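Numbering (UniProt numbering), first residue to last: 1 to 866.
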């Protein structure tokens, strides 16, 4: 059961033993002080010849103290980092804070304070909690994205994108949060609401800054193939769906009374002959222009309709089960292949930012178009005969229970399937009809042919369309990276000279930070004043700040040299440490953060600054920690805070309980996580170390053979289990080893048995992944200097991994009728002989003749009597 403290398929530990003598809090304090003094987890320098691993957890936002959701994620990060150190790697495991953003600003507004004060006070609390948690960070590489030393390089990056044509400014409908009074990227709108505050999002036209991520859409999609097997399949699928590449054609339609043609993207250009009307997005510039050229009555009806659409969310507009609405604009397009006049409607099921904001409607073969056509009595023209066989198709013949073919009865004809009557669009494969020279062609051949014809006529071309939209980065808030651009008096927009970077935020005191639709920076009169670098004339700064996803899109590179004043990151360090080997964090960032980081990585690659195209070689997504059935969240008020759990039962118990609670990717119900059970297990492990009486140089081979086999199976199996993120299984195997050690201590040679020392030392080393304070204490008790966290992983003795005996199962007619303890190397003949002689098997057969025998030594014998 996920979240319940138990051992699956191992001996259940005796957790009833008291924890007397085991002082988890004192042990914590002792080893945290020693780590702080020695700094043992700092990554080695350029002269370190060990192989390298860059392990990184998604950095936290400092909104108050950490909670148990963070405790889960950062426990997993530390397990991975500590494991690779044991395996002989030079590990880089840094920590920083994603410290710009709305929560800090909103908290400051509520308190009448500077966002800096609130943010950096929380960061100090985070640092204290991380140290108390035993996290093995390289504390020399701290960064805060709200430091000028960091956002200097955000501004540098912005200007490099601007130079390459990848940063631009335009007016367009944007998602607007009326509560936070700022724009949101599409990805920050969840079910029509702001992901930060939950307010219903509306559409509003603003001039904003964008990054041209669509320029990289194909690479972002195709390069996901590099990540197959290294990223969770769920995340790869989400990325693919979000980019949403569609292949088809751009088709140019003439509009009566308009000089410029309108381009429509379609994935089914083969159905162009079946287009009977055109639909444009009501909130598009095209719809406004077409309505403006119509009668006063049309203009009034269109305006009323537009106002109603602007109150709808995109989710509502895309819903397939709501009635279709729209307004006829009294304008007509001309079908380029047959000259037919197509009435143009404005309808909310078309979005302004999809394709070109207009679609050719083919109601016979598209369900949404058909629903609209039936609602407004528009013509439906079938151009694909879905009853016509495709070459190579094999009819499916159904058989009855006796294997006789079932008469299918009269087959549907095209007339039976008429969408105008049935209300069901014909979306299947078939052959073209009513389409002139395309008649008789299959879909694939018809698409190729119509594209050839359109290109020859100059009325269309092969094209791709994407669900992905350019990244809207402008924010009308104070607490973010200032956009490093200058607006001149003659309307030019020019970069802030590079030698003037970083362009620092002004002092917040005296500024009105309350959201009001425009950036608070606009009220910093003196700060806004700038000079045109080309003419020396007065100019104004850009008042907006950057989306905080810019901060997190490249921070993993800044960790390579967080204090470098001369460049964002040295290429030589990127060559050593990047890309990130293991990236660990929540699946809620599967689209937003990861997509942007992948985009920026590809831009930096094109700039020649790095030699890789994907930022994170391996991705580990943990499940959520739930309380009262919901994800822990400050906004929901259902937190179990990090700091309060660190005293009793102690950080080690929390870490161990989390690791043991279930598979990494599954959600954990905090109510089911037994930190008390973990504390009792750790106390048993501690007592094992205190009971050892043999010296460190004892000959292990002279110890109890059975216990040594348990020890060496753990040493052999744990690395594979850790790499598969089966941390809960490793903890269960540790419990098994502690129990086995306790049995030997209590019998036979007892505490002096060399195998007991060997098992205790192995326990300390493996336990370092989960309970590092106790592991260090055990290592010291066992007579060693130095840190167990730096001890190389011990190699298992292969001779101790051979099973002396195994349990074989004997089945009769598919049911288990007996078990046998047999040698691991038993052959098939001997195993069958023993199975036939077993009393339980003999009774089960009751004299029946055995007709078939399957023997799979050493585990299974199966007899059949039928």
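All residues carry an ideal CB built from backbone N, CA and C; glycine is no exception.
Just so we're clear, the structure is a prediction, and the values are computed from it rather than from any experiment.
> Exposed or buried, what is residue 801 when buried is set at 16 or more other beta-carbons lying within 10 Å of its beta-carbon?
Replying inline: exposed
> How about residue 488 and residue 532: are their beta carbons less than 8 Å apart?
Replying inline: yes
>> Can you list, in chain order, the residues of its chain with a C-beta nearer than 7 Å to that of residue 62? Leave out the 5 residues immediately preceding and following it.
In response: 97, 99, 119, 122, 123, 126
> Residues bridged to residue 191 by DSSP?
Replying inline: In the DSSP output, where bridge partners are listed per residue, residue 191 has none listed.
> For residue 391, which three-state DSSP category applies?
Replying inline: The pLDDT assigned to residue 391 is 48, lower than 50, so where the model puts this residue is not dependable, and the model offers no usable value.
>> So, at 7 Å on beta carbons, what are the nonlocal neighbours of residue 343 in its own chain, with the 5 sequence-adjacent residues on each side left out?
In response: 277, 328, 332
> So residue 766 and residue 753 are in contact, right, with Cβ under 8 Å, and what is the actual spacing, rounded?
Replying inline: With a Cβ gap of about 20 Å, residue 766 and residue 753 do not count as contacting.
> How many angstroms separate the CA atom of residue 391 from the CA atom of residue 218?
Replying inline: The pLDDT assigned to residue 391 is 48, lower than 50, so where the model puts this residue is not dependable, and the model offers no usable value.
> By Cβ distance below 6 Å, which residues in the same chain neighbour residue 892 in space, the five residues on each side in sequence not counted?
Replying inline: What the structure shows of the chain is the stretch from 1 to 866, and residue 892 is not part of that stretch, so it cannot be assessed.
>> Relative to the C-alpha of residue 884, which candidate in 35, 511, 591, 445 has its C-alpha closest?
In response: The question about residue 884 has no answer, for the chain in this structure spans 1 to 866.
>> Can you look up residue 83 in the DSSP assignment and give me helix, strand or coil?
In response: helix
> So, are the CB atoms of residue 774 and residue 696 less than 8 Å apart?
Replying inline: no
> Do the region 346-361 and the region 272-290 meet, that is, are 3 or more Cβ pairs less than 8 Å apart?
Replying inline: yes
> In its own chain, which residues sit with a C-beta less than 8 Å from the C-beta of residue 2, not counting the 5 before and 5 after it?
Replying inline: Caution is warranted here: a pLDDT of 28 is assigned to residue 2, below 50, making its placement in the model unreliable, and the coordinate value is therefore given only provisionally. Hits under 8 Å: 661, 662, 663, 666, 667, 668, 669, 672.
> For the putative contact between residue 365 and residue 268, defined by C-beta atoms under 8 Å, what is the C-beta separation to the nearest angstrom?
Replying inline: 7 Å
>> Taking 8 Å as the threshold (C-beta atoms), are residue 470 and residue 212 in contact?
In response: yes
> Quick one: Cα of residue 26 to Cα of residue 772, how far?
Replying inline: 13 Å
> Unbroken alpha helix (DSSP H) runs of length 4 or more, entirely within the region 553-628: which are they?
Replying inline: 555-558, 571-577, 592-606
>> Taking the alpha carbon of residue 472 as the reference point, which residue from 136, 208, 60, 105 has its own alpha carbon closest?
In response: 208
> Mind checking whether residue 468 and residue 244 have CB atoms under 8 Å apart?
Replying inline: yes
> Can you give the Cα-Cα distance for residue 869 and residue 250, rounded to whole angstroms?
Replying inline: The requested residue 869 is not part of the displayed model; the chain covers only 1 to 866.
>> Pull the bridge partners of residue 440 from the DSSP assignment, please.
In response: For residue 440, which the question treats as bridged, DSSP gives no partner whatsoever.
> Just the Cα atoms here: how many angstroms apart are residue 71 and residue 617?
Replying inline: 24 Å
>> Could you check whether residue 545 and residue 483 sit closer than 8 Å to each other, using their CB atoms as the reference points?
In response: yes
> DSSP on residue 709, reduced to helix/strand/coil?
Replying inline: helix
>> Does the contact criterion of 3 or more C-beta pairs under 8 Å hold for the region 707-727 versus the region 795-811?
In response: yes
>> My output table needs one value for residue 365: the three-state DSSP class, helix, strand or coil.
In response: coil
> According to DSSP, is residue 773 helix, strand or coil?
Replying inline: helix
>> By the three-class DSSP mapping on this structure, what secondary structure does residue 153 have?
In response: helix
> By the 10 Å Cβ neighbour count, where 16 or more other Cβ atoms means buried, how is residue 607 classified, buried or exposed?
Replying inline: exposed
> At what residue ranges does the region 485-553 contain a whole run of the beta strand (DSSP E), taking only runs of 3 or more?
Replying inline: 485-488, 493-495, 529-531, 538-541
>> For residue 67, list the residues DSSP reports as bridge partners.
In response: 641
> Hey, quick one: how far does the beta strand (DSSP E) through residue 252 stretch, first residue to last?
Replying inline: 245-255
>> Could you compute how far the alpha carbon of residue 17 sits from the alpha carbon of residue 747?
In response: Because residue 17 carries a pLDDT of 46, less than 50, the predicted location of this residue cannot be relied on, and no value is offered for it.
>> In chain order, what are the residue ranges of uninterrupted alpha helix (DSSP H) at least 4 long that sit wholly in the region 641-726?
In response: 651-660, 675-691, 705-723
> Just the Cα atoms here: how many angstroms apart are residue 247 and residue 79?
Replying inline: 44 Å
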